[in-house]
Each structure stands twice: as structure tokens, then as C-alpha cells.
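For reference, the structure discussed in these notes is given below.
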Amino acid sequence: MTSTTKEREKRVAERRIKGFAKRFGEAHRNLALHAAFPLALTPDLLYQIWANFVPEAPWIAVAHVLLSRLCRQVGYEMYEMDIADRNLLLRELKEQFGQERLDELGEFLLDYVAQRLIDDDPDTQDLREAQEWTALAYTKPGETAQEFAEAFSSRVKLDDMTEVLRLTSLVETFAEPLIEAGFEPLLIYANGMKSFVRGNQEIAMAEFSKLHTWRGLVQLAGVNLPLPIQLSSDKGTQANPFWIGQPVSSSEAFIGRTMEINVAFDQIYNRSNLAVWGSPGMGKSSFLEQLTLPEVWQLHGLDPSKAVIVLLDCLNIVPFNASRFWKEAIQLTRDKLDSEPTLQAEIDTLLAQGKTTSESLRLILRKLGKQDKFLLLLVDNYDHTLYPHKQYTEEELEAFLSECRTLTYHSLERQYVSMIVTSSRRLNELRPKFDPQKSPWYNHYLFLALKPFTETEVNSLLNRAPMLKAFKEEICELAYRHPALLQNACHLVYQTLRKTGQFPDRESFAKEFLSATQDLFQTICELSSEVEQVLLMLIALSNLGGRLHTKHYDLGNIELLFSQQERQLSELEEQGIIIHTVKGGKKMYSFASSMMEWWVIQKIRNSNEIELQQRQKVLFKLISRRRVEQVTKAVQWLWQSKDQALSILNWIGKERSHHTPF
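Next up, the structure:
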């Protein structure tokens, strides 16, 4: 509605009100002022208002108000006022009788609807809800705004656009008190939704562009309201809700991991230690981020003010050595103690003296303990500490691990610290190897694996943009349940939807997805052991041979080899890299992500004789010379048949019947 139209309606309303007061007098006018408070009027309701608030007016004034030009009949014994008339009358009511009278009318109306509007009929319940919001809008606008926001959120998620349209009309009715109370963004959201429901997407986008949006949401009155996915704009009104290139730092955007988070807080509560491991992209950094959020602590019944929470990434310490680690931990601890200037000054003295050892941190822990606080030390990429170099010898490495163990397990200060670390593999599988004459350097940790998402968690991710559910099969075909791969796939599909309003074609989607994720595939392979890399190569070659129209090579009874390597294959499954099905009593292995399988095939195709010889050394430890020769011939055929191999891209997403994600 333009400002010119509003001004015209306001002038018409002023003339109507003046005409009514001139015809019937001041007492009638006062009753009309009070009659403007309810959203809808009945003869009985207006009679009760007359009796309780304007008894000085003649009883016939009830009929005069209802039958005047100020009201129009909208149903059997049901009347309402025009918005412009109502706003003017309410403004005059407040000026003449004060906020106290509005509060009294609010209490009266709540009591009235509680006693009279008790039927289960949907229309009656809608009227009751509207009247209750009326009572609150002019007395407690903050509560009204929150209830409106919650109602919008639930209706939009249910795609109940009829109800959304009804809510937009109600919000427009209460525009003045909501704007006065600072809730104009709610009115803007309502106007945008009304335009969207009526098909005016350009107007809707113009309205939503006035709001501050974050990842497809706008926060109003403490409630996150979704924007329609169908809308897009050059200004990016509808932000892509999927996280790429950084840890998930929001508790609302974090998906699942409920059991794992519970385990972490159990360890924190007991001042114990936890080692979280998982393959690249499994969400380890995001997991640690969740442990820093006050709302997550409160959800688990813990007081975050009792903890000094330090998140340290070992990859940022270059080159790594123990002194730099302790200095970083102490500096970050110091930065978290703004409320403790005395302790900050003492830490500054330690840092200035170059005292950056585990003993320095133990001193700080004792001081924290005296203040009934403790340190939560979150260490990301802890496996980065396990590789010696020129400035970090094997002896220094072992000394550092011993210091960590002493600090968190043997020292008196262990009651003031909990240490949670992440790594790409279980710590006991990494170097330095276990020395039978010493206590294992890792046995003070509880081990916790981050595994691929469950089906429920995948659905929760897709629920961020419900329209993506129609593309679920294709997304899971390329990404399976791997968190980072899923985020990438959903991000790409959503991006195309926002731009074109259509799903991407499968081949384009596959190529874009490969481009976005091949670095992750490379990292996964590099972190795999030599045996695991060979097993992945054999799985790729075996499945490729079964998909070619003509048999070009024979790997023999490869299932026998797989049956002898179940431990390594099980670990690859646990990391979400491969899956298995049982056919004829035999386990048949395939890649969880069809795109990673394609990437491995390409990697074999682009390898050379030196790399093949390195693989042969591992193969000779696993299988006979004859079988090694069969594998070699398969690789050589792939080198010589690049054109045929490239055509396999057309197969992705079309003929993979042997593996269904869910």
C-alpha cells in the first residue's frame, strides 16, 4: 500500500469518526473508542464493554455503533472495523484514557474469550486466538510479536500458506502497536510472505531485502523464521543454508551427533579426557566448536562460566614444537580471562619471561582451581603433533606426549583441566608405537569415533531446504552419508535451485561435485595406509570390470582377498569410505560415494610405472605373484583405454543398482 493511499484512507476515517461524534454526541464517541479495541465485535461483547467501561452512554449506543459506518457486518452477529478507523480510534482512546485503560481492556477481553469462545470449532478457535493477540498487542507487544513469529515459523515449515496468509492479515491489523514497540521487521516479513503467497515474487524479494538474513533465516522476536527457498535475488536475500569451507559454529546449524556430544560432556563433567577421531570431513572441528557454545553447555546442565574454554588448532602452529604449543595454550587461556585482570597480569609476566612450558600451565590451573574454575582444552588436529622434524626431534615428541599425559592424568592439577583432542585416526594406530616397557602415551583418553551420518541426520540436513528432499537419491548417490560431501552436494543443488528454479542435470551436477570435493578425496587417500590404498584400488578395478560391456581383464576371485583383509575393510567402512552388501554369502564391497570411486579410477588411469611398482610391493604381501600380474594387466589396460574409461562418467547416477543409500 502506497503512502498516498494510506493518507487518503486516514482522511476518510477522520471524516467518518467526526461525523459519528457530531450525530450522536460525546458518550457515543467514547463507546466507539472502546469498541475499537477488540478485533471483532458481537452485540454481546460490545454490550459488556458498554456496561464495564462506558455506562454513562445510553444502552442504545451499542446498536448505534454496530450499525454505523464505523462497522461492517462480516458474519452472523459478527462485526469489524476498518483498519484505518480502528487505528485512529485506538490512538484517541490512549490519548484520552491512557495506557491503563488499554491494560484494563486487555484483561477484560482475555477473560471474555476464555469464558465465551470455548467451542472446538476451528473458526471459533481462530477467533479466540485473534482476540487474545489483540489483548496482548496493545498491552504486551513483545509477547505478541514472539507468538506471531512462532506461528509463522510453524506454518511456513508445514507449507500451510492459507494459514500464513491469515497471519499476515492479523499482523497488518496490529501494525501500529508492533511498530511502536520496535517490531517493524515482523511487519516487513508478513508483507513479504503475503506477496509471496499471492505470487508477487518481485515485491516479496523487495520486502525481504529490507531484513537482515542469515543462511536463509531471519531472526524476529527471538525466533528464526525461514524464507521461501523459491525466492532468489542478486543481493543474496536467501543465503545458502549449507556450510562449506569452515566448521559449523552455530548450534542451530549443527546436525545430530547427540550421543557423541553427551559423551563429551560426561568427560568434561568428570574432568576426564577424550580423543575424537574420524576421517577428513567427518565434522571433527565442528564437533569441537559445539563444545565452546554457552547454550550447548546449558542444555547439558553445566555452567559455562565455570570453564575457561580454549580451542587450539595444531595446524596453526608452524613449525610445531612443544614450546610453541604451550605458549599458544597459555596465550589463549590468558585471552579468555578478561574478568580476571590480576590473573591476566600474572600470565603476561610468565609469557614475558619466556616460561611457556606445561609447568607454567599447571601453575595457571592451580590459580583457576582456587577460583572454582577449570580449563577445557580443545585441541584440533592433535595428530599433527606426532610427526618429528628438524626442529622437533623424536625425543622431544615423546617428551611432549608425556607432558600432556602428566598434566591431564598424573598431576594434582588434573582436577582443574579436561582435554579433548581430535585426530584423523585412532591415536593407538599412530606413531610413536606402543613400548611394552612404558605405559601407553594415549591410554588416559576415552576414544570416540565420528562416523557417517545416520539416515535421521541426513534428513535433518535436507530439512534446511525441504525442496532438496526430491533430489535426495542423487545427493546420496554421490555423497552417501559423509558430512562434508553432503554439505557440498546440498550446497551445489541449492545454489542451482536458487539461480534457475530447477534441479541441475545429473552430469553437470557430477562434474561440479567432483571439482568441489576432489581435494577431500585426495586427503582421504593420503591418510589411508598403503594396504588401504591398495584395497581401494582393487575395489575400484573390480567394480569397473563388472560395468564394462566387454570383459577386458580378470582379477580372479578377488572376494577371497577381501575376506582376508576384513579388519582394514571394516575400518574403511567405519570412515564412510566404502560399504558392503552380502550376495551369495559373500561380502561385495563398493565405494560409499560413486564420485570417489570415479576419482580413484581416474587416479589409477593417471598413475605411472613407478607408482604401480610401489603398489606391487604391497600386493606381493597380500596375494600371489599370479594375482599381482592380473592386477597389473588391469591397470595397464586402463592406461591404454582412456577414451573408454572417460565414458564411464555417463554411468554415474544411472546404472548403480547394487547400492542404495538407505
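Numbering (this note's numbering), first residue to last: 797 to 1458. Glycine residues also receive a C-beta, built at the ideal position from the N, C-alpha and C atoms. What you are looking at is a predicted structure, and each value in this text was computed from that prediction instead of being measured.
Taking 8 Å as the cut-off, decide whether the C-beta atoms of residue i and residue j are in contact.
{"i": "W929", "j": "E943", "result": "yes"}
{"i": "L1356", "j": "S1338", "result": "no"}
{"i": "Q1364", "j": "E1328", "result": "yes"}
{"i": "G902", "j": "L932", "result": "yes"}
{"i": "R1508", "j": "V1213", "result": "A query on residue 1508 cannot be resolved here, the shown segment of the chain reaching from 797 to 1458 and no further."}
{"i": "E898", "j": "F948", "result": "The residue asked about is misnamed: residue 898 is Leu in this sequence, not Glu. Cβ atoms of L898 and F948: not closer than 8 Å."}
{"i": "S1389", "j": "L1274", "result": "yes"}
{"i": "T1319", "j": "M1391", "result": "no"}
{"i": "D1176", "j": "L1108", "result": "yes"}
{"i": "L1070", "j": "I1216", "result": "yes"}
{"i": "T1054", "j": "C1110", "result": "no"}
{"i": "P1232", "j": "L1193", "result": "no"}
{"i": "Y843", "j": "V858", "result": "yes"}
Along the alpha helix (DSSP H) that carries residue i, what are the first and last residues, could you check?
{"i": "T1428", "result": "R1421 to Q1436"}
{"i": "T964", "result": "M957 to T969"}
{"i": "M1215", "result": "Premise fails: M1215 lies in the beta strand (DSSP E), V1213 to S1219, not in any alpha helix (DSSP H)."}
{"i": "A827", "result": "The amino acid occupying residue 827 in the given sequence is Leu; Ala does not appear at that position. E822 to A831 is the extent of the alpha helix (DSSP H) around L827."}
{"i": "F992", "result": "E980 to V993"}
{"i": "D1062", "result": "T1054 to Y1065"}
{"i": "Q767", "result": "Nothing can be reported for residue 767: it is not among the residues displayed for the chain, which extend from 797 to 1458."}
{"i": "Q1395", "result": "In the sequence on display, residue 1395 carries Trp and not Gln. Start and end: S1390 to R1401."}
{"i": "P1137", "result": "P1137 to A1148"}
{"i": "D1416", "result": "In the sequence on display, residue 1416 carries Phe and not Asp. Its alpha helix (DSSP H) spans residues E1405 to L1418."}
{"i": "W1122", "result": "A1118 to D1131"}
{"i": "A1202", "result": "Before going on, a small fix: residue 1202 reads as Thr here, not Ala. It is not in any alpha helix (DSSP H) - T1202 carries neither H nor E in the DSSP assignment."}
If you reduce the DSSP assignment to three classes, tell me which class residue i lands in.
{"i": "M1384", "result": "strand"}
{"i": "K1379", "result": "strand"}
{"i": "R868", "result": "strand"}
{"i": "S1029", "result": "The pLDDT assigned to S1029 is 42, lower than 50, so where the model puts this residue is not dependable; a value taken from the coordinates is nonetheless given after this. Note: S1029 maps to coil in three-state DSSP."}
{"i": "A1113", "result": "First, the residue type needs correcting, since residue 1113 is Ile and not Ala in the sequence shown. Coil."}
{"i": "M874", "result": "strand"}
{"i": "D1350", "result": "coil"}
{"i": "A1049", "result": "coil"}
{"i": "W855", "result": "coil"}
{"i": "P937", "result": "helix"}
{"i": "D1176", "result": "strand"}
{"i": "Y843", "result": "helix"}
{"i": "N1069", "result": "strand"}
{"i": "F1309", "result": "helix"}
{"i": "I1374", "result": "strand"}
{"i": "P1022", "result": "strand"}
{"i": "I1040", "result": "coil"}
{"i": "V1106", "result": "strand"}
{"i": "H1287", "result": "helix"}
Quick check on residue i: buried or exposed, where buried means 16 or more other Cβ atoms within 10 Å of its Cβ?
{"i": "D881", "result": "buried"}
{"i": "V870", "result": "exposed"}
{"i": "T1033", "result": "For T1033, the predicted model reports a pLDDT of 43, less than 50, meaning its position is unreliable and no value from the coordinates is stated."}
{"i": "K1031", "result": "Confidence is the limiting factor: at K1031 the pLDDT is only 40, short of 50, which leaves the residue's position unreliable, though a coordinate-based value still follows. It is exposed - the Cβ of K1031 has fewer than 16 other Cβ atoms within 10 Å."}
{"i": "I914", "result": "exposed"}
{"i": "D1134", "result": "exposed"}
{"i": "T1189", "result": "exposed"}
{"i": "S1235", "result": "exposed"}
{"i": "L1095", "result": "exposed"}
{"i": "K1450", "result": "Only weak support exists for where K1450 lies, its pLDDT of 44 falling under 50; the value from the coordinates is given anyway. Its Cβ having fewer than 16 others within 10 Å, K1450 is exposed."}
{"i": "Y934", "result": "buried"}
{"i": "A1118", "result": "buried"}
{"i": "W855", "result": "exposed"}
{"i": "P1097", "result": "At residue 1097 the sequence reads Gly, which differs from the Pro that was named. Exposed, by the Cβ-count rule."}
{"i": "A1266", "result": "exposed"}
Could you pull the start and end residues of the beta strand (DSSP E) that residue i belongs to?
{"i": "L1013", "result": "L1013 to L1016"}
{"i": "F1243", "result": "Y1241 to A1245"}
Cβ of residue i versus every heavy atom of the ligand FMN: is any distance shorter than 7 Å?
{"i": "R1411", "result": "Looking for the ligand FMN in the displayed structure turns up nothing, as the structure carries no ligands at all."}
**Asked** Should the stretch 862-873 be regarded as contacting the stretch 837-844, the criterion being three or more beta carbon pairs within less than 8 Å?
**Response** Yes, since at least three Cβ pairs between the stretch 862-873 and the stretch 837-844 fall closer than 8 Å, the two stretches touch.
**Request:** Would you be able to state if there are at least three C-beta pairs under 8 Å between the stretch 1069-1087 and the stretch 1160-1180?
**Result:** Contact holds: three or more Cβ-Cβ distances are below 8 Å.
**Asked** Does the stretch 1387-1406 come close enough to the stretch 1418-1428 to have 3 or more Cβ pairs within less than 8 Å?
**Response** No, the stretch 1387-1406 does not touch the stretch 1418-1428.
**Asked** Is the number of C-beta pairs between the stretch 1299-1311 and the stretch 1058-1076 that are closer than 8 Å three or more?
**Response** Touching, no.
**Asked** Using 8 Å as the threshold, is the stretch 967-979 in touch with the stretch 1001-1010, meaning 3 or more CB pairs across them?
**Response** With the cut-off at 8 Å, the stretch 967-979 and the stretch 1001-1010 do not touch.
**Message:** Using 8 Å as the cut-off, can you tell me whether the stretch 1221-1229 makes contact with the stretch 1200-1212, which would need three or more C-beta pairs spanning the two stretches below that distance?
**Reply:** The stretch 1221-1229 makes no contact with the stretch 1200-1212, as fewer than three CB pairs between them are under 8 Å.
**At least 3 beta-carbon pairs within less than 8 Å: the stretch 845-855 vs the stretch 820-830** = Result yes; three or more Cβ-Cβ pairs closer than 8 Å.
**Message:** So, does the stretch 1397-1412 touch the stretch 1374-1382, judging by three or more C-beta pairs under 8 Å?
**Reply:** Output reads no: the stretch 1374-1382 does not touch the stretch 1397-1412.
**Prompt:** How do the stretch 886-894 and the stretch 914-927 stand: do at least 3 beta-carbon pairs fall below 8 Å, yes or no?
**Reply:** Flag = no, the stretch 886-894 and the stretch 914-927 do not touch.
**At least three beta-carbon pairs within less than 8 Å, the stretch 1123-1131 to the stretch 1177-1188** = Contact between the stretch 1123-1131 and the stretch 1177-1188 is absent, because fewer than three Cβ pairs lie under 8 Å.
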